[in-house]
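Residue numbers for the sequence shown follow full-length UniProt numbering, beginning at 1 and rising by one.
Heads up: the structure comes next, in structure tokens.
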Amino acid sequence: MTQSQRVEVGVRVDAADQSQWKTYDDFAAGIDAYRLPGADLTGQTVELRFDGGTELRLRFLDAATVRWTSAQLLSAADGTVDPYDAVRVRDDVVFVNLPFASRDGEALTVVWSRTTGRALLAHSVIAPEKTEGVPQVGQTFAAGEVAGIVVTGARPGPTRDLVGMRNVYRYSPSHLYEHVYLSSERYAWQCLQGEQRGHGDVDLSTLWKFADGLYLFCFREFVIPVASVWLHDLGYELRTTGIFLGINAEGSADHRRAGGHIYPLGAVRYPDVQPV
Numbered sequence: 001m002t003q004s005q006r007v008e009v010g011v012r013v014d015a016a017d018q019s020q021w022k023t024y025d026d027f028a029a030g031i032d033a034y035r036l037p038g039a040d041l042t043g044q045t046v047e048l049r050f051d052g053g054t055e056l057r058l059r060f061l062d063a064a065t066v067r068w069t070s071a072q073l074l075s076a077a078d079g080t081v082d083p084y085d086a087v088r089v090r091d092d093v094v095f096v097n098l099p100f101a102s103r104d105g106e107a108l109t110v111v112w113s114r115t116t117g118r119a120l121l122a123h124s125v126i127a128p129e130k131t132e133g134v135p136q137v138g139q140t141f142a143a144g145e146v147a148g149i150v151v152t153g154a155r156p157g158p159t160r161d162l163v164g165m166r167n168v169y170r171y172s173p174s175h176l177y178e179h180v181y182l183s184s185e186r187y188a189w190q191c192l193q194g195e196q197r198g199h200g201d202v203d204l205s206t207l208w209k210f211a212d213g214l215y216l217f218c219f220r221e222f223v224i225p226v227a228s229v230w231l232h233d234l235g236y237e238l239r240t241t242g243i244f245l246g247i248n249a250e251g252s253a254d255h256r257r258a259g260g261h262i263y264p265l266g267a268v269r270y271p272d273v274q275p276v
């Protein structure tokens, strides 16, 4: 082995030291370069009902502001005004995220279909204090329906469809990540290109099937205080749309948009005993 080879190996080993990891700000910058274009929902009103009795009314005031009303989610009586961003991941399916400005450290992500009337909700919340061995950003999920639409198709819910799958995700010219979906509860990732190159981990994840080829994928990291919500289109488009909620280097809650292209590498199938 040459001296240059020994140095390169040493660099790669050092890069895996979690005390030297980049911050949330570092890796999230520019991760929305290949995101699908935003959608303007001005003038639209959507009413949704979710499991557990949660009701949510969204009235889109303009291209960036929504008045949302939900007693269960503790809005003001006449609704709370917050920013939103929306993406049409398919002609009839909308991905909407509310990076709350009205309260600190929370985001509400909603997906619905105008065709099937199905909906789902992901609520991401930063815990006030870090607990050892527990991701600081937690998430809850609920399936639901759009009021006024005849509901068809399967109800969104947890799935094992992605277990064993291995994909590469290109978010920008300088963001390339690999995911391996290990089980219904965890996934492995590594950065192939970008600020986190050489870093990787196994983190908690949630997988739901929303519709044929459309999957909700969410992760909650142990090392960096960040969680994410993605909608993977594994049909013909092979695109993903997502958001991050985390704590930046200054210690403040930070919302980021993300998105990109999916490149499937393959999948494994277990012959008998299955992962959890």
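Built from N, CA and C at the ideal position, the CB exists for glycine as well.
Exercise. List the DSSP bridge partners of S113.
Key: On the sequence shown, position 113 is the one that residue 113 refers to. Beta-bridge analysis with DSSP links S113 to V93.
Quiz item: Given G153, which residues of its chain have a CB within under 7 Å of its CB, disregarding the five upstream and five downstream residues?
Solution: Indexing the sequence shown from 1 puts residue 153 at position 153. So the list reads T116, R118, A211, once near-sequence residues are dropped.
Exercise. Could you pull out every unbroken beta strand (DSSP E) segment of at least 3 residues lying fully inside the segment 141 to 203, listed in chain order?
Key: Every unbroken stretch of the beta strand (DSSP E) spanning 3 or more residues and falling wholly within the segment 141 to 203 is given here in chain order: 165 to 172, 175 to 181, 186 to 193.
Quiz item: Per DSSP, what kind of secondary structure is A86 in: helix, strand or coil?
Solution: The sequence position of residue 86 within the sequence shown is 86, counting from 1. Strand.
Practice problem: Along the beta strand (DSSP E) that carries F60, what are the first and last residues, could you check? | Solution: Sequence index remark: in the sequence shown, residue 60 carries index 60 (1-based). Here the beta strand (DSSP E) through F60 covers 55 to 60.
Quiz item: CB G144 to CB D51, shorter than 9 Å?
Solution: Reading the sequence shown from its first residue, position 144 is the one you call residue 144. Reading the sequence shown from its first residue, position 51 is the one you call residue 51. Going by beta carbons, G144 and D51 fall inside the 9 Å limit.
Practice problem: Give me the Cβ distance between W112 and V94, rounded to the nearest whole Å; I'm assuming they're in contact under 8 Å. | Solution: Within the sequence shown, the letter at position 112 stands for residue 112. Within the sequence shown, the letter at position 94 stands for residue 94. Indeed, because the Cβ distance is near 6 Å, the residues count as touching under 8 Å.
Quiz item: Which stretch, first to last residue, makes up the alpha helix (DSSP H) that contains D26?
Solution: What you label residue 26 is simply residue 26 of the sequence shown in a count that begins at 1. Annotation: the continuous alpha helix (DSSP H) that includes D26 extends over 24 to 28.
Quiz prompt | 9 Å Cβ cutoff met for T241 and G259 | solution = Here residue 241 corresponds to residue number 241 of the sequence shown, with the count starting at 1. Here residue 259 corresponds to residue number 259 of the sequence shown, with the count starting at 1. Cβ atoms of T241 and G259: closer than 9 Å.
Quiz item: Would a C-beta distance cut-off of 9 Å place D25 and D254 closer than the cut-off?
Solution: As a working note, residue 25 is residue 25 in the sequence shown. As a working note, residue 254 is residue 254 in the sequence shown. The Cβ-Cβ distance between D25 and D254 falls below 9 Å.
Quiz item: Helix, strand or coil: how does DSSP classify G213 here?
Solution: Counted from its first residue, the sequence shown places residue 213 at position 213. In the structure shown, G213 sits in coil (DSSP, three-state: anything other than H, G, I, E or B).
Exercise. Using 10 angstroms around the beta-carbon of P158, count the other beta-carbons present and answer buried if the total reaches 16, otherwise exposed.
Key: As a working mapping, residue 158 is identified with position 158 in the sequence shown. Answer is exposed; the Cβ neighbour count stays below 16.
Self-check item: Beta-carbon proximity list for D32, same chain, < 8 Å, skipping 5 on both sides
Solution: What you label residue 32 is simply residue 32 of the sequence shown in a count that begins at 1. Cβ neighbours of D32 beyond the five flanking positions: Y171, S172, R256, R257, A258, G259.
Exercise. Look up G251 in the DSSP assignment and say whether it is helix, strand or coil.
Key: Stepping through the sequence shown from its first residue, residue 251 is reached at position 251. DSSP places G251 in the coil class of the three-state scheme, outside both helix and strand.
Quiz item: Going by the CB atoms, is the gap between H179 and N167 shorter than 9 Å?
Solution: Taking the first residue of the sequence shown as 1, we reach residue 167 at position 167. Taking the first residue of the sequence shown as 1, we reach residue 179 at position 179. Against a cut-off of 9 Å, the Cβ pair of H179 and N167 comes out as a contact.
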